[in-house]
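Engineer: Below: one structure in structure tokens.
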Amino acid sequence: MSRLPTPLPAFVINVEQETARLASTQAAFAAYRQFVLERVPGVVLPSLPGAALIRLVGRPETAMGRLGCFLGHVGAWERIAAFGTGWGLVVEDDIQLFDPERLFDLDLPADAELIWVNGRMIPPRHTSTGESLSVYPARQLAALRIAWPPKLRGQGADGYLLSSAGARKILTQVASHGFPGHVDSALWRMTIPFDAMEEALAGVTAELPRGKDPRRFPRHWWGVVSGYYLSSPVVGLNRTHSRMSVRRRLDTKPEAATPVGMHPSLAPEPRGPEAFPPSRNAP
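Under this note's numbering, think of the first position of the sequence shown as 832, with each following residue one higher.
Structure, rendered in structure tokens:
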């Protein structure tokens, strides 16, 4: 086990026009000396020809914003990869923080390369703040997301820890295979092994809507890095600046009766907790 270094580099993705968002994020981090915040310029592509957008990500009428956001994250990955070893925190500029100093007491699994720290990637039944943190394997999210209410199933890349080794793997992936749509869902797939998604969908009897089966993405997009997620978020959406209309509740306490080493949200699963091995870092 190891712990995060202090100070920890934190990268906020921000386009030049969004000065209020940047100021809000800077103010949020100012209270925590454990972080060194750096702005990563968001990429705006108003003049890129439609043919180039089609080649890069698909439909030009919807691709410009997606690609610009994706490339902003790529800029953060390149900075983290350049460390050689170490970790960085990546956030978008419409976030708020929930006791982020808790991250520095976290025991990192030896194989961890990306750790989701944001509320949109943490099961909604266990999103209370102020408690000590544990981590769970991201493969559990495959089944959990299917069980969540539809409005909470969307992925979010507004907050995650990334190691230098993980950043290099992800950069190699996008250099070889391009930019598959939204960075949120692309990163989510890269932390979920394909077999975990197949296992999660094995019990789904209803026909999935057209275009909604996650297995439509090639296997090389799955399980690129060793992913984990926190037991409680340290990053959430800031409703003042966020364009998101759905927000996760942050005051829900986990149920007490949960098997040791198992995330509380897994307890009601019909197949039982034995379907998912506990994290080596679980209490």
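C-beta: ideal position from N, C-alpha, C; glycine also.
Under 8 Å, do V1005 and V905 count as touching if we go by C-beta distance?
Structural biologist: In the sequence shown, residue 1005 corresponds to position 174, counting from 1. In the sequence shown, residue 905 corresponds to position 74, counting from 1. Yes, the pair counts as a contact, with Cβ atoms nearer than the cut-off.
Engineer: Considering Cα atoms alone, identify which of H1051, W908 and L887 is closest to G873.
Structural biologist: As a first step, residue 873 is located in the sequence shown; it is residue number 42 there, counting from the start. Cα-wise, what sits closest to G873 is W908.
Engineer: For S995, name the three-state secondary structure that DSSP assigns.
Structural biologist: Position 164 of the sequence shown, counting from 1, holds the residue named residue 995. DSSP places S995 in helix when its eight states are reduced to three.
Engineer: Short of 7 Å in beta carbon distance, which residues of its chain neighbour E849, apart from the five on each side in sequence? Order them along the chain.
Structural biologist: Position 18 of the sequence shown holds residue 849. Contacts found: D924.
Engineer: Determine the extent of the alpha helix (DSSP H) in which R870 is found, giving its start and end residues.
Structural biologist: Counting from 1 along the sequence shown, the entry for residue 870 is found at position 39. Note, R870: premise wrong, no alpha helix (DSSP H); beta strand (DSSP E) at F866 to P872.
Engineer: Go ahead and label I911 buried or exposed: buried means 16 or more other beta carbons lie within 10 angstroms of its beta carbon, across all protein chains shown.
Structural biologist: Along the sequence shown, one-based indexing puts residue 911 at 80. It counts as buried.
Engineer: Look at the Cβ atom of V871, then the Cβ atom of F842, and state whether they are nearer than 8 Å.
Structural biologist: Your numbering for residue 871 matches position 40 in the sequence shown. Your numbering for residue 842 matches position 11 in the sequence shown. Going by C-beta atoms, V871 is nearer than 8 Å to F842.
Engineer: Roughly how far, in whole angstroms, is the beta-carbon of L939 from the beta-carbon of L964, given that I think they are within contact range, below 8 Å?
Structural biologist: As a first step, residue 939 must be located in the sequence shown, where it is residue number 108. As a first step, residue 964 must be located in the sequence shown, where it is residue number 133. So it is not a contact: roughly 11 Å between Cβ atoms.
Engineer: Within the same chain, show all residues whose beta-carbon is closer than 6 Å to that of V1014, passing over the 5 residues directly before and after it, in chain order.
Structural biologist: Residue 1014 sits at position 183 when you count from the first residue of the sequence shown. So the list reads C900, F901, H904 and A988, once near-sequence residues are dropped.
Engineer: Between the alpha carbons of A969 and R886, how many angstroms are there, rounded?
Structural biologist: Within the sequence shown, residue 969 is the residue found at index 138, counting from 1. Within the sequence shown, residue 886 is the residue found at index 55, counting from 1. Cα to Cα, A969 sits roughly 31 Å from R886.
Engineer: First and last residue of the alpha helix (DSSP H) that includes E1029?
Structural biologist: In the sequence shown, residue 1029 corresponds to position 198, counting from 1. It spans F1025 to L1032 - the alpha helix (DSSP H) in which E1029 sits, taken as one unbroken run.
Engineer: Here's a check: name, in chain order, each residue in its chain whose Cβ is nearer than 6 Å to the Cβ of W1019, leaving out the five neighbours to either side.
Structural biologist: On the sequence shown, position 188 is the one that residue 1019 refers to. Excluding positions up to five away in sequence, the list reads Q986.
Engineer: Given this structure, state the Cα-to-Cα distance separating E847 from F914, to the nearest angstrom.
Structural biologist: Within the sequence shown, residue 847 is the residue found at index 16, counting from 1. Within the sequence shown, residue 914 is the residue found at index 83, counting from 1. Those two C-alpha atoms are separated by around 25 Å.
Engineer: Compute the Euclidean distance between the alpha carbons of W947 and P1045, then round it to the nearest angstrom.
Structural biologist: Residue 947 sits at position 116 when you count from the first residue of the sequence shown. Residue 1045 sits at position 214 when you count from the first residue of the sequence shown. Each residue's Cα considered, the two are about 19 Å apart.
Engineer: What does a CB cutoff of less than 7 Å around N1069 pick up in its chain, not counting 5 residues either side in sequence?
Structural biologist: Taking the sequence shown and counting its residues from 1, the one referred to as residue 1069 is at position 238. Correct list, in chain order: S855, D925, I926 and Q927.
Engineer: Please report how far the alpha carbon of R1050 lies from the alpha carbon of D942, in whole angstroms.
Structural biologist: The sequence position of residue 1050 within the sequence shown is 219, counting from 1. The sequence position of residue 942 within the sequence shown is 111, counting from 1. Answer to the nearest angstrom: the Cα atoms are 21 Å apart.
Engineer: For L1058, does the count of other Cβ atoms within 10 angstroms reach 16, so buried, or fall short, so exposed?
Structural biologist: One-based indexing of the sequence shown puts residue 1058 at position 227. Contrary to the premise, residue 1058 reads as Gly rather than Leu in this sequence. By the 10 Å Cβ count, G1058 comes out buried.
Engineer: Along the beta strand (DSSP E) that carries I885, what are the first and last residues, could you check?
Structural biologist: Start at 1 with the first residue of the sequence shown, and residue 885 comes out as number 54. From DSSP, I885 is part of no beta strand (DSSP E) but of the alpha helix (DSSP H) over G881 to L887.
Engineer: Taking C-alpha atoms, which residue in S1063, A859, A996 and K1000 lies nearest to V922?
Structural biologist: Here residue 922 refers to the residue found at position 91 of the sequence shown. Of S1063, A859, A996 and K1000, the residue nearest in Cα terms is A859.
Engineer: Can you tell me whether S1007 is buried or exposed, with buried defined as 16 or more other CB within 10 angstroms of its CB?
Structural biologist: Taking the sequence shown and counting its residues from 1, one reaches residue 1007 at position 176. Under this definition S1007 is an exposed residue.
Engineer: Pick from L975, P931, P1011 and Q857: whose alpha carbon is nearest that of L992?
Structural biologist: Against the sequence shown, residue 992 aligns to sequence position 161. Nearest of L975, P931, P1011 and Q857 to L992, Cα basis: P931.
Engineer: When the distance is taken between beta carbons, is G917 closer than 8 Å to S995?
Structural biologist: Taking the sequence shown and counting its residues from 1, one reaches residue 995 at position 164. Taking the sequence shown and counting its residues from 1, one reaches residue 917 at position 86. Contact: yes.
Engineer: On the three-state DSSP scale, how would you describe E923?
Structural biologist: Here residue 923 refers to the residue found at position 92 when the sequence shown is read from its first residue. Three-state DSSP puts E923 in a strand.
Engineer: What residue from E869, Y1060, R864 and L898 has the CA that sits closest to P880's CA?
Structural biologist: Sequence index remark: in the sequence shown, residue 880 carries index 49 (1-based). Per the Cα distances, L898.
Engineer: Could you pull the start and end residues of the beta strand (DSSP E) that V875 belongs to?
Structural biologist: As a position in the sequence shown, residue 875 is number 44, starting the count at 1. No beta strand (DSSP E) holds V875; DSSP gives it neither H nor E.
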